[in-house]
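Q: According to mature numbering (1 follows the signal peptide of the UniProt record, and there is no 0), the stretch in the sequence shown is residues -27 to -1, 1 to 68, in order. C-beta: ideal position from N, C-alpha, C; glycine also.
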Amino acid sequence: MRRFLTTFAVTAAIAGGTFLGAGGFQAAPDTLDRTQTVGSITVNIGEMRQQVADLRRKAAQLDRLGERDAARKARAQADALQRRIDAIIAAEENN
């Protein structure tokens, strides 16, 4: 019985020290803020798709007006936005 109480006391002291010691270590507030904001990004896919459609419509209109360089830039923006949408969807599916 005496051995059991000694073992129990030592185990309780180690466990209590671990719990008390764990409370003393805290990360810097800067690190906590950064990790909280990184994981909480909200994206509206429908709005982004509408922007792609608007850019493609704008490119077609610029082509009709003869502004080939501006149309090419609008198409490049639409393609870049579409790639970003695809990457976001792929990341969601893989996560």
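Among the candidates A51, A26, I61, whose CA atom is the shortest distance from the CA of I14?
A: The count along the sequence shown starts at 1 and reaches residue 14 at position 41. Among A51, A26, I61, the Cα nearest to that of I14 is on I61.
Q: If you reduce the DSSP assignment to three classes, tell me which class E65 lands in.
A: Translated into the one-based positions of the sequence shown, residue 65 becomes position 92. Three-state DSSP puts E65 in a helix.
Q: Taking just the CA atoms, how far does A44 sit from R54?
A: Sequence index remark: in the sequence shown, residue 54 carries index 81 (1-based). Sequence index remark: in the sequence shown, residue 44 carries index 71 (1-based). In the sequence on display, residue 54 carries Leu and not Arg. Cα to Cα, L54 sits roughly 15 Å from A44.
Q: So L28 and Q50 are in contact, right, with Cβ under 8 Å, and what is the actual spacing, rounded?
A: Counted from its first residue, the sequence shown places residue 28 at position 55. Counted from its first residue, the sequence shown places residue 50 at position 77. Sure, about 5 Å apart at Cβ, within 8 Å.
Q: Taking 8 Å as the cut-off, decide whether the C-beta atoms of I(-14) and I18 are in contact.
A: As a first step, residue -14 is located in the sequence shown; it is residue number 14 there, counting from the start. As a first step, residue 18 is located in the sequence shown; it is residue number 45 there, counting from the start. Result no, Cβ atoms of I(-14) and I18 do not sit closer than 8 Å.
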